[in-house]
Structure formats: structure tokens, C-alpha cells
Amino acid sequence: MEQIMITKPNGAVVPLAERKSAANIKQAKQNWALLGDDVLNITVESPFKQSYDIGDKITAFGRVYKLNRLPKVKKTGMRAFQYDLEFEGIQYDLIRATYDLTIDTTHNQLQDVQADSLTGDLHRFATVLIANANRVFPGNYVLGACPETIGDKVLTFGESDNCLSVLQRLCTEFGTEFEILQNGGVNTIHFKKAGQILPYSFEYGKGHGLYSLDRQNVDSSNIITRLKVYGASKNITMKYRAQRLCLPGCNKGQSYIEKPGAVAMYGIWEATKYFEDIFPTRTGIVTALGDSVLKFVDTDMFDLNEKEADGVTTKYLLPGVSAKIHFNTGNLTGYEFEVHSYDHATHTFTLVQQTDERGDVFPRADPAAFQFAPGNEYKLIDIALPPNFEQDAETRLANAGDSYYDPNSQPKVQYGLSITKEYLESLVGDENMVNIFVPGDYIPIKDADIDVDKSIRIKSLTRNLLDEYDYTLSISDTVTTSITNRVISELTDLDKIVAINNLKDPAHARANWRSSREVLNMVFDPEGDYYTDKIKPESIDTIALSVGAKSMQFGLTNTVLQPNYQGNKNVIKVQGGVLTHYTINEQEAVSWMLADNTTTFTTPATDKTIDQTPYYIYAKCQRNGNAGSIIFSTEQIKVEQDAAFYCFWIGIVNSVNFELNARSVALSYGFTMINGRFIKTGRIESADGTTYFDLDNSEIGGKIKFVRTEGTIKNVADLDNMAQETKDYVNNVLPSELGALQRQIDNAIESWFYHYNPSLSNYPANGWTTIQDKEKHLDDTFTNLDSGQSWRFTKSGTSYSWTLMADTAATQALILAGQAKDTAEGKRRVFVATPYTPYDIGDLWVNGQDLRRCATARASGSYTASDWVIAVAYDNTKTVIDGGIVTSGTIRLAGSGGSILAGITGNGTDNSSVRIWAGAPEANKASAPFRVLQDGALVASKATITGTIYATSGEFTGKITASSGKIGGFTISSGNMIWSQSDYLGNGSRILRVGLSSDTGGAVDISFNAATPGAFGVKSVGRAPGGAAIYASSETSQTYPSSEHTWAGYFDGGLYATRLYAANYYVKSGASFYPGISFGTSKDLDKIRLTVMNGIITQVIDE
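Here the sequence shown is numbered in the working numbering, starting from 119 and rising by one per residue.
Structural data, given as C-alpha cells:
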């Protein structure tokens, strides 16, 4: 790009760096990464301030970039500014739009009352993203390519999610990539793999100077030659051969992929890969509604009630667990309902109605937004699926594992590729290429040293805007998603499952106290007699205290309990995870896989209501297996009460707190050990739960106070405020104080010299935009070199201004400093104490008695007194002669008669003010025959000048007499003016002489030869009635052409030619012209008559 142009928000197009401002583009780079940054980084340097606005746009290589933040500006010198600009790609506009889940964006009538979660496939999330983008940029975004995805996901979004972060997240969740194409102001978002396989390859160590392939990283630790592949544990029951989905026909130990070629090359490198999104599943469709709002029909549904061969055990319904319907689309998207019954004869489901915390009942007859509808998609959960669904899932698992294996069975490599401009031009020819490479393209790479021969993706590129062939590529096997967040903020770990309610401390304290009492009342001995010999009535007297039974010494991994699920206080959702018990087996720890489930609390067989009833939480684990589930019961179940299962007590789901209208969970597993001065436990918590020490997670929370030795209290917030105050002081106050201190250290102020009067709106004061800037420049001086006046920068109250200086001696000294030959930057320094290096000629030193001027510059070393001379006597009431310096306002020169006829004066401030005059009284100095004006003009009625005069231009109204010299390309010599041009041998090839040089010469002589370009000695082109391009006459009385003709040449008199050539001949007779006649040998001269005029045959008549 020869010049980078900016399109301003008003549509004006201007250069990024204008020549008239002496701006220079130091560097301009395009940084473009796959699923990452897409920016232009440009650095501009200029001696003048530049103006760049938010919304400025640059089109680079077919892509539009916008300035979304003001540039960083650095003042690198007194007249030097550096601007660092970052223009961002179109994707960054998406940061401005939050990802809202509302009725308007999802078209779900219940979305406004649901939590911030959404269920669907990639297309579902993408359409909501487009709707949000068009909220902020109406009509600017459309959805392009969007692949079908297998299975739906439930994603939860928070307050920090914007459309760009969600776009990146969707690519991660669904294993795809995106690109945004622009056309006519419309941005189309495509979800697809970016790039192409390029037709040219590069080989490590074979660049021969045309390209450089730099191996940056070889990570052999990530090589996989035996990949153990497992799916999720969802919808996997005890009837399946493992706790997770395995490869087809394989048990857990056999579920791996291994290819002989990779093993032969690298040996056995094992790794395990869990594909959590692959599990047996069936997506059903509501084909019709039933005779109730709780019923719907799915004509493709299998027999959910089918029995095993014993006629009693169900094949697909799990004992003790209710089957559930989870809606993926429609008004009830995201809602789960227990299945009350299924009638296979009519393929009809009947659901259990539920009520949320708002009192809304789902489904219900009115309004329609609270109902499902035909075409809605759903999934069945908490059931076993028929074998064909398991087989389908196993096939998908095998395909996914194979796709993962191949790219990971070679070393992970990353290369840096730099290519010469000449090599790129040879690859693509002379065509005007916009983008040769783009992130996502695949480049064939060969690296014989590590047996790499494959296509590797361009991860990112850096391109020089000033040279379209200047690329640097980063190519890698792996692609990572990155979003550059521009706003400095706290890093927030957002738990998107639990929404923290904003209640006051007393309510939380009462709720926690009530829950703790309820837990205490429900405590029992899970082992029957564990505490019989440990605690005696009325007292505990012991050396060590251990709280927690032996059977409760276990840990839970990836287990999540979600009480009040979807706002229903009587529903709890469980993510199973793994339970590892440390003491149930004396020899080793034992682990169980816990199944997921959702439980709805029902009316207990007591006199309490559902809301009044707390429930025990147990992990029911096989004694002779590794499967388990989490159950809820109002009964006290001892650990070994069931002959086939262990029942490990996890905790309690408290009854509904009517102030909070919610249940809480109290976990009771684990232990606390108190021994002497040591306490070993997991978490210590205050009564209201706001202050805690979570020792397991190394976390302290709440309002923590620290008491000093003298008794004063500081809490963490105070310390944070103090740190912030310190930060504010360092950022805002300290710089100005350091500036003032620096001036004291420097003992220097700055003086500015320009041809105008200073104000706060012109340079330099218009650049002092902050209080700190203004304070820094207090006492600076400004001198108008035209008027000779000087000002000082002062402060009155809170106002700053330039104050006119009345000290004429100081003003004259400043003018002398400003006229120093090296005042290139328009300023001089003034020292108010002993000067220090570096100092320059013209710098001033005010020591309180006199004013000294630097006469010898010194760049380094120590101050030398002889470098400084007296500038002026520091007294403006007298004319003082001090050595070779005379200081005065006017010097008058008197003639012998006592009259003043000449003088020198400093009076006046205009450019026309007279500085030197002669030949007139002082009163008439403006019209004196000799005078010199302030602007440098010289007026003299007479002048005799010997020597050479140098002038850029001049005008003469009288006579010029010159016997030699040059005028333009002509040389004056011997009364002639001669112009000549030499050939390549130095000889004259073109000569024009004006003037007589000999008797045979003409007044104008022209000679030329063929040694230099030019075919004519004299060339005259013209056309005018009654005129001629060339006219010549030898007559005393001249004759001129008549007005009805135009002539190339008109000769009045004789014309002599040794040769005469003509294409045609004419004879003029009166006002007529008669052409000459041509005839051949066929004419018989005896039989013709001829008409001859002035020697020319003009007519032939046959007889």
C-alpha cells in the first residue's frame, strides 16, 4: 500500500500520515490469528499533533478495520510525537453487544422468566447471537454457513458474556471455527473450518535464501500411538459392560485405538480421551397433542414399558428412578418433567405437572406459552436405551477417536516461516494479489529430521501494510481460542449453576442457624455403636477429639448437587461424579462411579408437609461392584444395613426456609481432628456464612479485619482502599510533584521563539492539556520574533496565562537567543543557577546580577565559565556600553549643522517599522532615501555595488547594460547571445546565435547536426488568415498575404534555390490559383494546344 487512507466517520477520506504535517509511518503491521486477534498496529511519528478519532476506518487487503480506542500518544521530544494506533477487525464490534436471553432474541415466550441458560444445537445458539448483534447494529449481521451438530447442549451465560466471547465459546463447544465476510455493509458469520490446502510446499533446511523455515517447538510428549477412547457415562446403566461408553465390541480394557505404522515409528505412547458429548441418546419429536395439556404423542417411540424375559423386570425403566422428558425446543426448552406414564398402544406420554418458585404451573392450559407443541424436540433421560442406540453411539465414538488419533500420532510441531518478496512473486506471478495466505490455510511441510511430512495450519500471520509481500507466518498443529479483552477488570470465577441471592446478613444468619439446628437434630450414628465408648454423658474428657465417623471418610470428585433446580424448591439435580472411600477397605482406597439423576421430593409418610421435611443424602454403592447412585430419604440408614450396598451418609437437604423460599444443603462427610494445639479440618465458617476459611481450597472470604498491636482495626477492604489510594497518588499526584521537583533539580525553564503572539489556544500552550503540564511550564518565556515582545507563563489562582514582560533588557536578550543559528526547535533554555551540560549557543543564564549568553556549546562534561559571555546589563533605565555590547533604544546620528539625518532605532513593532535610515530627519525616516525595515526590506534611491549580487528574483523598470554574463541558458559574449547544446563527444551539436559575428553571418544563426535529438534548425507552426508561419521580404516596400489565404511560407522578393522540390505547382493570376498539369507520352503534340502561365502548363486542349 503506497499510502494508507483513513475513512472518517463523516465519510471523508484522508491520508493516515499527511506530508504537510511531516508525519511519518514508522511501522504498519497486520496481525491476524485463527480464532484470535485481527488488528492493524500502526505507529506514526510527527513533529505536529495529529488527530485520530474513534470510528476511523482503514481498508487493508480487502478487510475493514476500525479505530475503537483513541491512540496511545508519547511525546518523544519537544517537537516529536509518537502515535500507536490499533485498528480492530469487524469481529470486535461484537464485543459491544451482550448475549441476552430474552423473548425477543430467543422467540421463546418463557425465556424472560427462565434462568440464563439455553438448550439447543449450534444453529439455535447462532441465531440468538445474530439477534443480539442486530440489536446493537440493526440489519448488519446475518447467519451464513452453519453445520448440523449431533446432540443438543445446555449452556449457561452470565453478565460478562458478549457476542464475541460467545462466538468463540460456540466454536469450542461444537468443534468448529468462524469467519466474518463483509459485503455492502452486511456482515455474514459463517461457522466452518477456515482455509485451504496451499499448492506449494516448504521443506525444513531447504530454503536456499528464498524462505526461512524455523522450527520453534517440537513436543514429542504429546505423541499418542495407543489412544484409550471412552464416551460419557450418561444413559449408561448397570446392564452395560462398563461405566462409560466403549468402542464397539470392546470392554473397558480393550477400548483403545492403535495403528501399527505409528507404533513402529515412535513406540507405545498411551493416552486417554473422554468424549463427554458422545453417549446413547434418542431425540424424539412431539407428533401430536393428547387430550390433556400433560399429554403428547410420539409415533416413533419404542415400548418404554417392555419387560425382560421374566415378565417382571423392565428393560428400559430403572428401579427407583423416574424417567424424565427434557425439552430441547419450543416454549418449554430446557424444562424437565417426570414421566407419569407411557401408553405404547397410542404412543402417548403423560407428564407430571410442576410448579416453580414463582407459582407458575407447567404445562397448563392457559397461556399457550406454558405448553409444548407439535414439532418440539425432546430427549428421554434417566432410562436405559435399546441396544441400537448404544451401537450408534459406539460408532460415533469410534469415528471421533479415529479423527483424534491421526493428527496426534506425530510430534506436535510449530514453525516460523519467513518468505522473501521475490519468492512470493515467483509463486503467484505479477497479478495483484490481495491475500496470498490467510489464517487457517494448510501449508505442506517436510521436516526429515523428525519425520514430519504433512500439511500444517497457519496459526497466525504478521503482514507489512507498506509491502504486501512482506509476510511472517506462524504455523502449528494446534489452534487455541483467544480473545483479547481490552478492559482491565477483575478476573471473575463465575459459577453458572448457582445464582447467589442478594439478601442481608440477618436473613442468612437465621437461615444458617436454623439449618445447623436441623442438621444437629438429624445426626445419628451411621455405624450403630461407633460412639458408645467414645462419649460419656454430660462431658467429653479426652486428649484428642476426632469428629466424623470412620464410614464418612471419603471424598467426592466432580459431584454437583443443585437444590432448587430450575427454581423448584422440591427438585434437586445430581451430577454423579466419583466417590472415593479411604477407610472402608483397610488395604486400599475404593472408588465408585455415581450416576446422574434428578429427584423430585414427594409427600412423606409423616405428619409434615413436603416443605417442612428435610432429607438425608446417601451414596448407595455396590459392595461387589464399582457403580453407585445418590439417593434421598427421610430414614436413617446405617452404612452396612443393606446386604448388597453400602450407604454412605453425605449430608442433609434442609427443609424449605420460608424467608428464602429455598432449600440448602449441609454436607457432613469428612472429618475434623483436634489434637493438642492442632486442628485439622476442611472449612471453618461464621454463623451467617459470610466469613469463612476454606482450608481444602486455600480460600479466605468475608469481611476480614486485622487488629494492630495498639488496638486499631484494619479490614481487608481498608487495605484495598489504601492500596487504591496509593495507586491513585502514584498515577495522578506524584507525577506533578516529581515535575515540580524536577524543575527545582534542573534549575531550568524553557523559552519559545515564534513569529506570533502566544495564547492558550496556540502552540505550545495548546498542548499543555493537564494541570501537571501547565505546572511543569510555569515561568517559561515566549518571544515574538517579529514584534520583539516577550511573555512569561504564569499562574493566578487557578488560572494560567501568558503575561507580557516589561523588562526590555531581558526581552532583547531573549531575541538574541532566538536568533542564534541553531535555534532549530524554536526554543532556548534559561538557567537560573550554574549551568550544566548539555548547553547550546544562545542559551541564557540569569544569576540575579546580569544576564549571560552561551557563546560556546558543550554537549558533555562540566560547566566552563569561558563558555558564557555577558548578554546585556540587567538595567533597563540606561544606555550601557559594556565591552563590545551597546544596549539602547535609539541611536541618532547628527550632521555638522546639528540636524539628525540618520540613525538606528528599535521603536515600532510592525514589519514596516524602520530600523536603520539615512538622508532624512527622524520624523521622516519612513520616506528616507535609504532605509532598512524590520522585515528585511532595503530601500535605496541610489546604489553602487561592486562584486556579486545573489538574489532569487528581481524586477527592473530601467535600462540594463551587460557585456558579459548569462541570462537563462544564453551566454552574453561580444555583443551576441549564444545558446548551445553539446553532443556526447562534447562538441556543439545545437547552436543558436543572436547578433552579428561576421559578414556572412545572420542576425540569427542556427546550426545543428544529428548527434543529439532534434530534426529541425528552425521550426515555425502557425495558422492565421492573411498570415504565414514564415515571412521573408527583400523589397523596399513590402507586400503581405491577402486575408483569404494562410501560408506556411510567404516570400516577398526573389527566391534562389540550387534544388527545388515540390509536390504541386500553382500559378497565381489575380485572386485565382492555377495548378500545373501532368500528362504522359500518349498525347500527340501535333494535335494539342497548351496554356502556359509564368512558365507553368496549366491547361491541355485536344484538337
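Just so it is clear, CB atoms sit at the ideal spot from N, CA and C, and this is done for glycine as well.
Could you name the residues of the same chain whose beta carbon sits closer than 6 Å to that of Gly-1083, not counting the 5 residues immediately before and after it, in chain order?
Walking along the sequence shown from the start, residue 1083 turns up at place 965. Same-chain partners within the cutoff: Ile-1090.
Just confirm the distance between the C-beta atoms of Met-711 and Val-696, as a whole number of angstroms; I'd bet it's less than 8 Å.
Here residue 711 corresponds to residue number 593 of the sequence shown, with the count starting at 1. Here residue 696 corresponds to residue number 578 of the sequence shown, with the count starting at 1. Confirmed, Cβ separation roughly 6 Å.
Gln-759, enclosing alpha helix (DSSP H) - first and last residue
Start at 1 with the first residue of the sequence shown, and residue 759 comes out as number 641. Here Gln-759 belongs to no alpha helix (DSSP H), and DSSP marks it neither H nor E.
Tell me whether Ile-1090 sits in a helix, a strand or coil according to DSSP, three-state version.
Counting from one through the sequence shown, the residue named residue 1090 turns up at place 972. Strand at Ile-1090.
Given this structure, state the Cα-to-Cα distance separating Ile-1195 from Ile-1215, to the nearest angstrom.
Working through the sequence shown from its first residue, we reach residue 1195 at position 1077. Working through the sequence shown from its first residue, we reach residue 1215 at position 1097. Near 6 Å, if we compare the C-alpha coordinates of Ile-1215 and Ile-1195.
If you draw a straight line from the alpha carbon of Thr-177 to that of Ala-263, how long is it in whole angstroms?
Position 59 of the sequence shown holds residue 177. Position 145 of the sequence shown holds residue 263. When rounded, the distance between both Cα atoms is 25 Å.
Grab the span of the beta strand (DSSP E) containing Arg-1033 for me, first residue to last.
What you label residue 1033 is simply residue 915 of the sequence shown in a count that begins at 1. It spans 1032-1036 - the beta strand (DSSP E) in which Arg-1033 sits, taken as one unbroken run.
Beta-carbon proximity list for Leu-1056, same chain, < 7 Å, skipping 5 on both sides
As a first step, residue 1056 must be located in the sequence shown, where it is residue number 938. In its chain, beyond the 5 residues on either side, Val-1050 have a beta carbon closer than 7 Å to the beta carbon of Leu-1056.
From Ser-1045 to Thr-1023, what does the alpha carbon distance come to, in whole angstroms?
In the sequence shown, counting from the first residue as 1, residue 1045 sits at position 927. In the sequence shown, counting from the first residue as 1, residue 1023 sits at position 905. Looking at the two C-alpha atoms, the distance is approximately 15 Å.
Where does Asn-884 fall in DSSP's three states?
Taking the first residue of the sequence shown as position 1, residue 884 is located at position 766. Asn-884 falls in the helix class under three-state DSSP.
Straight-line Cα distance separating Gly-207 from Leu-1252
This structure cannot settle anything about residue 1252, because the visible part of the chain is limited to 119 through 1221.
With Leu-152 and Pro-525 assumed to form a contact (beta carbons below 8 Å), what rounded beta-carbon distance in angstroms separates them?
Stepping through the sequence shown from its first residue, residue 152 is reached at position 34. Stepping through the sequence shown from its first residue, residue 525 is reached at position 407. Taking 8 Å as the upper bound for CB-CB distance, Leu-152 and Pro-525 are not in contact here, some 15 Å apart.
Spatial distance of Tyr-183 from Leu-679 (CA atoms):
Numbered from 1 along the sequence shown, position 65 holds the residue referred to as residue 183. Numbered from 1 along the sequence shown, position 561 holds the residue referred to as residue 679. Approximately 47 Å, taken between the alpha carbons.
Specify the secondary structure class of Gly-207 as computed by DSSP and reduced to three states.
As a working note, residue 207 is residue 89 in the sequence shown. Reduced to three states, the DSSP call for Gly-207 is strand.
Where Asn-865 and Lys-539 are concerned, what is the direct C-alpha to C-alpha distance, given to the nearest angstrom?
For this step, residue 865 is matched to residue 747 along the sequence shown. For this step, residue 539 is matched to residue 421 along the sequence shown. Any reading at Asn-865 needs caution, since the residue's pLDDT is 48, under 50, leaving its predicted position unreliable; the model's value is listed next. For the pair Asn-865 and Lys-539, the Cα-to-Cα distance works out to about 54 Å.
Candidates Lys-687, Asn-715, Gln-705, of which the one nearest Gly-694 by Cα
The sequence position of residue 694 within the sequence shown is 576, counting from 1. Residue Asn-715 is the option with its Cα nearest to Gly-694.
Within 10 Å of its beta-carbon, does Met-356 have 16 or more other beta-carbons around it, so buried, or fewer, so exposed?
By one-based count along the sequence shown, residue 356 stands at place 238. With fewer than 16 Cβ atoms within 10 Å of its Cβ, Met-356 is classed as exposed.
With a threshold of 8 Å, are at least 3 pairs of Cβ atoms found where one atom belongs to the segment 152-166 and the other to the segment 130-139?
Contact annotation: the segment 152-166 touches the segment 130-139, with at least three C-beta pairs closer than 8 Å.
Going by beta-carbon coordinates alone, are Asp-500 and Ala-441 separated by less than 8 Å?
As a working mapping, residue 500 is identified with position 382 in the sequence shown. As a working mapping, residue 441 is identified with position 323 in the sequence shown. Yes, the pair counts as a contact, with Cβ atoms nearer than the cut-off.
On the premise that Asp-174 lies in contact with Lys-144, defined as a C-beta separation below 8 Å, what is that separation, rounded to the nearest angstrom?
Within the sequence shown, the letter at position 26 stands for residue 144. Within the sequence shown, the letter at position 56 stands for residue 174. The Cβ separation is near 18 Å, so there is no contact.
So, for His-458: in the same chain, excluding its five sequence neighbours on each side, which residues have a beta-carbon less than 7 Å away from its beta-carbon?
On the sequence shown, position 340 is the one that residue 458 refers to. So the list reads Thr-468, Leu-469, Val-470, once near-sequence residues are dropped.
Using the C-alpha atoms, what's the distance from Thr-464 back to Pro-492?
For this step, residue 492 is matched to residue 374 along the sequence shown. For this step, residue 464 is matched to residue 346 along the sequence shown. Taking the straight line from one Cα to the other gives about 16 Å.
Going by DSSP, name the residue or residues bridged to Ser-459.
By one-based count along the sequence shown, residue 459 stands at place 341. Under the DSSP definition of a beta bridge, Ser-459 partners with Thr-468.
Is DSSP giving Gly-452 helix, strand or coil here?
The residue given as residue 452 occupies position 334 in the sequence shown. Coil, per DSSP.
In the segment 221-260, which residue ranges form an unbroken alpha helix (DSSP H) of at least 4 residues, counting only runs that do not cross its ends?
Segments of the alpha helix (DSSP H) lying fully in the segment 221-260: 221-224, 240-254.
For Tyr-683, three-class secondary structure by DSSP:
Taking the sequence shown and counting its residues from 1, the one referred to as residue 683 is at position 565. Tyr-683 falls in the helix class under three-state DSSP.
Straight-line CA distance for Val-771 to Thr-513?
The residue you call residue 771 lines up with position 653 of the sequence shown. The residue you call residue 513 lines up with position 395 of the sequence shown. Val-771 and Thr-513 have their alpha carbons spaced roughly 41 Å apart.
Quick one: what's got a C-beta closer than 6 Å to Met-1095's C-beta in the same chain, skipping five residues either side?
Taking the sequence shown and counting its residues from 1, one reaches residue 1095 at position 977. Leaving aside the five residues that flank Met-1095 on each side, the residues in its chain whose CB is nearer than 6 Å to its CB run, in chain order, Phe-1088, Val-1112.
Look at the alpha carbon of Ser-527 and the alpha carbon of Thr-343, and state the distance between them as a whole number of angstroms.
Against the sequence shown, residue 527 aligns to sequence position 409. Against the sequence shown, residue 343 aligns to sequence position 225. The C-alpha of Ser-527 lies about 6 Å from the C-alpha of Thr-343.
Check Asn-630 in the structure and name its three-state DSSP category.
Counting from one through the sequence shown, the residue named residue 630 turns up at place 512. Since pLDDT at Asn-630 reaches only 49, below the 50 mark, its modelled position is unreliable, and no value is offered.
For a minimum of 3 consecutive residues, which ranges assigned as the beta strand (DSSP E) are wholly contained in the segment 405-438?
Entirely contained in the segment 405-438, the beta strand (DSSP E) runs reaching 3 residues are, in chain order, 413-415.
Is Lys-377 near the ligand SAM, with its Cβ less than 7 Å from a heavy atom?
You won't find the ligand SAM in this model; it holds no ligand whatsoever.
Is the segment 345-355 touching the segment 365-378, taking contact as three or more C-beta pairs under 8 Å?
Verdict: yes, contact present.
Using the three-state DSSP reduction, which class does Gln-528 fall into: helix, strand or coil?
As a position in the sequence shown, residue 528 is number 410, starting the count at 1. Shown here, Gln-528 sits in coil according to DSSP, grouped into three states, outside any helix or strand.
Spatial distance of Lys-352 from Ala-713 (CA atoms):
To locate residue 352, count along the sequence shown from 1; it is residue 234. To locate residue 713, count along the sequence shown from 1; it is residue 595. In a straight line, the C-alpha of Lys-352 is about 8 Å away from that of Ala-713.
Look at the alpha carbon of Ala-617 and the alpha carbon of Val-191, and state the distance between them as a whole number of angstroms.
Taking the first residue of the sequence shown as 1, we reach residue 617 at position 499. Taking the first residue of the sequence shown as 1, we reach residue 191 at position 73. Note that Ala-617 scores 26 on pLDDT, short of 50, meaning its location in the model is unreliable; the coordinates nonetheless yield the value given after this. Ala-617 and Val-191 have their C-alpha atoms roughly 43 Å apart.
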